[in-house]
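Engineer: After the structure tokens below, expect a handful of questions from me.
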Amino acid sequence: MFMQKKSKDRYYVTVHVMPYVERYMTDNYGIRDERVENLVNISRDPILASAFHPRLRKTETMNNGQLTVNNAFDGIAKRRTGIVNIEISKETFERVGWALLPEGESAVARLLELRCQGLLLVFLQADYLLTGDLALSIRHFYRTFRQTEDTWPANSIRRIWLRNVPERQRKTLQGMLHREIMKIIAGELYRIGTLSRQGLQGYSDDS
Numbered sequence: 294m295f296m297q298k299k300s301k302d303r304y305y306v307t308v309h310v311m312p313y314v315e316r317y318m319t320d321n322y323g324i325r326d327e328r329v330e331n332l333v334n335i336s337r338d339p340i341l342a343s344a345f346h347p348r349l350r351k352t353e354t355m356n357n358g359q360l361t362v363n364n365a366f367d368g369i370a371k372r373r374t375g376i377v378n379i380e381i382s383k384e385t386f387e388r389v390g391w392a393l394l395p396e397g398e399s400a401v402a403r404l405l406e407l408r409c410q411g412l413l414l415v416f417l418q419a420d421y422l423l424t425g426d427l428a429l430s431i432r433h434f435y436r437t438f439r440q441t442e443d444t445w446p447a448n449s450i451r452r453i454w455l456r457n458v459p460e461r462q463r464k465t466l467q468g469m470l471h472r473e474i475m476k477i478i479a480g481e482l483y484r485i486g487t488l489s490r491q492g493l494q495g496y497s498d499d500s
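Residue 294 is where the sequence shown starts when you use our numbering, and the numbers rise one by one after that.
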């Protein structure tokens, strides 16, 4: 999206993103500015900055101030109903550019989606160890990261989970938790004298 400037000390580029990405970005990189909605600064994140800045272009890449949209991106773009306004420095504005071509905007948005999905999967795998219930773990995720059914529908989260965490791995996760719990229980029973050392070893091996 093309650069917008609403005050003499703010330069920023508007990027269309998934609603859950908008929430993630404003929570982690947000800047309060009543004049600019969803303003974020990624300068301290080298991974995001290195993905974003090289894709900036100047007005020569635009036609009468508007970008020509590539139809190949229409499908996914329609689902990117959130926005983030990524702040850029005056130096970046003058030397590098202030616009993203559709391909560049899509690449940045996709990188942010993958980051959020990685966060999601790390959380769900840990929480699922404790709950064994994906629906409950999704609710825990919503509460922890301030997401909702509106920003990230549960059905979409389930598809990501099933695609990335095979059934065998899910069973392995539950098995790991069961074994650790049994070791703790057996250790406590041994400590109070209910189990012998031989029994402790045998039960631990069987679990």
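Every residue, glycine too, gets a C-beta built ideally from N, C-alpha and C. Values in this document were obtained by computation on a predicted structure and should not be read as measured data.
#1: Are the beta-carbon atoms of Tyr304 and Cys409 separated by less than 8 Å?
#2: Based on DSSP bridge pairs, tell me the residues matched to Thr307.
#3: Put Leu393 into one of helix, strand or coil per three-state DSSP.
#4: Excluding the five sequence neighbours on either side, which residues of its own chain have a C-beta within less than 6 Å of the C-beta of Gly323, listed in chain order?
#5: Decide if Arg373 is buried, meaning its Cβ has at least 16 other Cβ atoms within 10 Å, or exposed.
#6: Between Lys345 and Asp320, what straight-line distance do the alpha-carbon atoms span, to the nearest angstrom?
#7: Are Arg350 and Ala400 close, meaning C-beta to C-beta below 8 Å?
#8: Starting from the C-beta of His309, find all residues in its chain whose C-beta is less than 8 Å away, skip the five residues before and the five after it, and write them out in chain order.
#9: Find out if the Cβ-Cβ distance for the pair Trp454, Leu427 is shorter than 8 Å.
#10: Compare the C-alpha of Arg328 against each of Arg452, Tyr421, Leu394, Glu380 and name the closest.
#11: Please report the residue range of the alpha helix (DSSP H) in which Asn321 lies.
#12: Less than 8 Å between C-beta atoms, sequence neighbours within five positions excluded: which residues of the same chain meet that for Pro312?
#13: Would you give the residue range spanned by the alpha helix (DSSP H) that His433 belongs to?
#14: Compute the Euclidean distance between the alpha carbons of Ser449 and Glu384, then round it to the nearest angstrom.
#15: Look at the alpha carbon of Gly411 and the alpha carbon of Thr441, and state the distance between them as a whole number of angstroms.
#16: Which class does Arg451 belong to by DSSP, given the choice of helix, strand or coil?
#17: Quick check: what's the CA-CA separation for Ala419 versus Arg388?
#18: The alpha helix (DSSP H) spanning Glu272 covers which residue range?
#19: Count the other C-beta atoms from every protein chain shown that fall within 10 angstroms of the C-beta of Ser430, then say buried if there are 16 or more, exposed otherwise.
#20: Helix, strand or coil, according to DSSP, for Val401 in the structure here?
Structural biologist: Judging by the given coordinates:
#1: In this structure, Cys409 does not lie closer than 8 Å to Tyr304 by Cβ.
#2: Residue pairing of Thr307 in beta bridges, as defined by DSSP: Asn378.
#3: Under the three-state reduction of DSSP, Leu393 is assigned to strand.
#4: Cβ contact annotation for Gly323 (same chain, cutoff 6 Å, sequence separation greater than five): Val333, in chain order.
#5: Its Cβ being crowded by 16 or more others within 10 Å, Arg373 is buried.
#6: The residue asked about is misnamed: residue 345 is Phe in this sequence, not Lys. Cα to Cα, the separation comes out at about 19 Å.
#7: The answer is no: Cβ separation not under 8 Å.
#8: Closer than 8 Å at Cβ, skipping near neighbours: Met294, Ala370, Arg373, Thr374, Gly375, Ile376, Glu398, Ala402.
#9: Remark: C-beta atoms of Trp454 and Leu427 approach each other more closely than 8 Å.
#10: The residue among Arg452, Tyr421, Leu394, Glu380 with its C-alpha nearest the C-alpha of Arg328 is Glu380.
#11: Where Asn321 is concerned, the enclosing alpha helix (DSSP H) starts and stops at 312–322.
#12: For Pro312, same chain residues with a beta-carbon under 8 Å away, outside a window of 5 residues either side, are Thr374, Gly375, Asp443, Thr444, Trp445 in chain order.
#13: His433 -> alpha helix (DSSP H) spans 427–438.
#14: Taking the straight line from one Cα to the other gives about 40 Å.
#15: Gly411 and Thr441: Cα-Cα distance of roughly 17 Å.
#16: Arg451 falls in the helix class under three-state DSSP.
#17: Ala419 and Arg388: Cα-Cα distance of roughly 45 Å.
#18: This structure gives no information on residue 272, because the portion of the chain shown stretches from 294 to 500.
#19: By the neighbour-count rule (16 or more Cβ atoms within 10 Å), Ser430 is buried.
#20: Looking at Val401 - three-state DSSP - the assignment turns out to be helix.
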